[in-house]
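Asks: Going by the working numbering, the letters in the sequence shown line up with residues 120 to 316, in that order.
Think of the CB as a built atom: it goes at the ideal place given N, C-alpha and C, for glycine as much as any other residue.
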Amino acid sequence: MESPLRGLQRPGGPCISWLEHSRSGGTRQQGRRGKMSEATLEEIVGQLLVEQKLTLGVAESCTGGLITHRLTNVPGSSNYLLGGVVAYAYDVKERVLNVRHDTLYEHGAVSRETALEMARGARWLLGSDVAIAVTGIAGPGGGTPEKPVGLVYVALSARDFERCEQYVWSGNRLQNKQQSSQAALEMLCEYLEGRAR
120 MESPLRGLQR PGGPCISWLE HSRSGGTRQQ GRRGKMSEAT LEEIVGQLLV
170 EQKLTLGVAE SCTGGLITHR LTNVPGSSNY LLGGVVAYAY DVKERVLNVR
220 HDTLYEHGAV SRETALEMAR GARWLLGSDV AIAVTGIAGP GGGTPEKPVG
270 LVYVALSARD FERCEQYVWS GNRLQNKQQS SQAALEMLCE YLEGRAR
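Here it is in structure tokens:
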């Protein structure tokens with residue numbers, strides 16, 4: 120599993136502060152005016168999206184709507200979250216998110232290629248500035264030697280940038296879903312911080 124801190128560019132930014140504090144057992148982060156305040160990662164992402172006047176779309180497979188659920192727990196999320204698609208079946212990935220048939224059958228639903236096409240498809244379908252996507256094997260079944268249980272791909276697509284990361288979680292089904300949603304929000308936060316530099 121790759122470190123969620125990898126690739127963060129601005130020491131002291133809200134994402135780094137949140138990650139450091141969450142790993143030490145808290146969720147307090149340094150506010151913009153130097154005040155300590157309670158903040159969730161979802162709130163920080165929302166704040167960055169509002170500040171940068173960006174909209175967000177979400178495409179989910181193995182997380183089953185958890186990312187969108189977390190984002191909509193934040194009051195005012197309708198100002199930046201345009202929508203989310205839970206695309207569990209191959210057919211829905213193709214018809215709704217425009218994932219190419221060849222991609223699914225050559226690389227599989229759980230692949231870097233599919234995750235990126237899901238993110239691109241969500242951005243196109245929803246008309247958002249940025250989209251994040253997750254596809255993986257939450258478990259407990261469905262794994263193979265090549266693609267074990269816990270294998271997840273998280274992708275981000277924007278007009279000026281694309282990224283996809285692979286993770287292999289070792290928890291149970293619910294833990295794997297939670298960790299996948301967390302990785303997607305962290306990736307989004309990193310991207311938004313990088314744009315703000």
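Here's a check: name, in chain order, each residue in its chain whose Cβ is nearer than 7 Å to the Cβ of ASN192, leaving out the five neighbours to either side.
Replies: As a first step, residue 192 must be located in the sequence shown, where it is residue number 73. Taken in chain order, the residues that qualify are GLU161.
Asks: Taking the alpha-carbon of LEU167 as reference, which of GLY184, LEU190, GLN298 has the nearest alpha-carbon?
Replies: Residue 167 sits at position 48 when you count from the first residue of the sequence shown. Here the closest residue by C-alpha is LEU190.
Asks: Strictly by DSSP, which residues pair up with TYR272?
Replies: Taking the first residue of the sequence shown as position 1, residue 272 is located at position 153. Paired residues: THR254, GLN285.
Asks: In the DSSP assignment, find the unbroken alpha helix (DSSP H) run with VAL164 in it and report its ends.
Replies: By one-based count along the sequence shown, residue 164 stands at place 45. Taken as a continuous stretch (DSSP letters only), the alpha helix (DSSP H) holding VAL164 covers 160-170.
Asks: Quick check on VAL204: does DSSP put it in helix, strand or coil?
Replies: For the purposes of this step, residue 204 is taken as the residue at position 85 of the sequence shown. Residue state, collapsed to three classes: strand.
Asks: Does LEU228 come out as helix, strand or coil in the three-state DSSP assignment?
Replies: Position 109 of the sequence shown, counted from the start, is the residue given in the question as residue 228. Going by the sequence as given, residue 228 is Ala instead of Leu. The answer is coil: DSSP assigns ALA228 none of H, G, I, E or B.
Asks: Is the Cβ-Cβ distance between SER289 and ALA250 less than 7 Å?
Replies: Position 170 of the sequence shown, counted from the start, is the residue given in the question as residue 289. Position 131 of the sequence shown, counted from the start, is the residue given in the question as residue 250. Going by C-beta atoms, SER289 is not nearer than 7 Å to ALA250.
Asks: Please state whether DSSP places GLU265 in a helix, a strand or coil.
Replies: Walking along the sequence shown from the start, residue 265 turns up at place 146. If DSSP states are grouped into helix, strand and coil, GLU265 belongs with coil.
Asks: What is the residue span of the alpha helix (DSSP H) that VAL218 lies within?
Replies: Taking the sequence shown and counting its residues from 1, one reaches residue 218 at position 99. Run containing VAL218: none; DSSP gives neither H nor E here.
Asks: In this structure, does DSSP put GLY313 in helix, strand or coil?
Replies: Here residue 313 corresponds to residue number 194 of the sequence shown, with the count starting at 1. GLY313 falls in the helix class under three-state DSSP.
Asks: Please classify GLY240: does DSSP put it in a helix, a strand, or coil?
Replies: What you label residue 240 is simply residue 121 of the sequence shown in a count that begins at 1. Looking at GLY240 - three-state DSSP - the assignment turns out to be helix.
Asks: Taking only three categories from DSSP, how would you classify LEU173?
Replies: The residue you call residue 173 lines up with position 54 of the sequence shown. In this structure, LEU173 counts as coil in the three-state DSSP scheme.
Asks: Determine the contact status of GLY240 and ASN217, defining contact as a CB-CB distance below 7 Å.
Replies: Walking along the sequence shown from the start, residue 240 turns up at place 121. Walking along the sequence shown from the start, residue 217 turns up at place 98. Cβ atoms of GLY240 and ASN217: closer than 7 Å.
Asks: Nearest to LEU245 by alpha carbon, out of THR174, THR159, CYS134, VAL169?
Replies: Counted from its first residue, the sequence shown places residue 245 at position 126. When each option's Cα is compared against that of LEU245, the closest is THR174.
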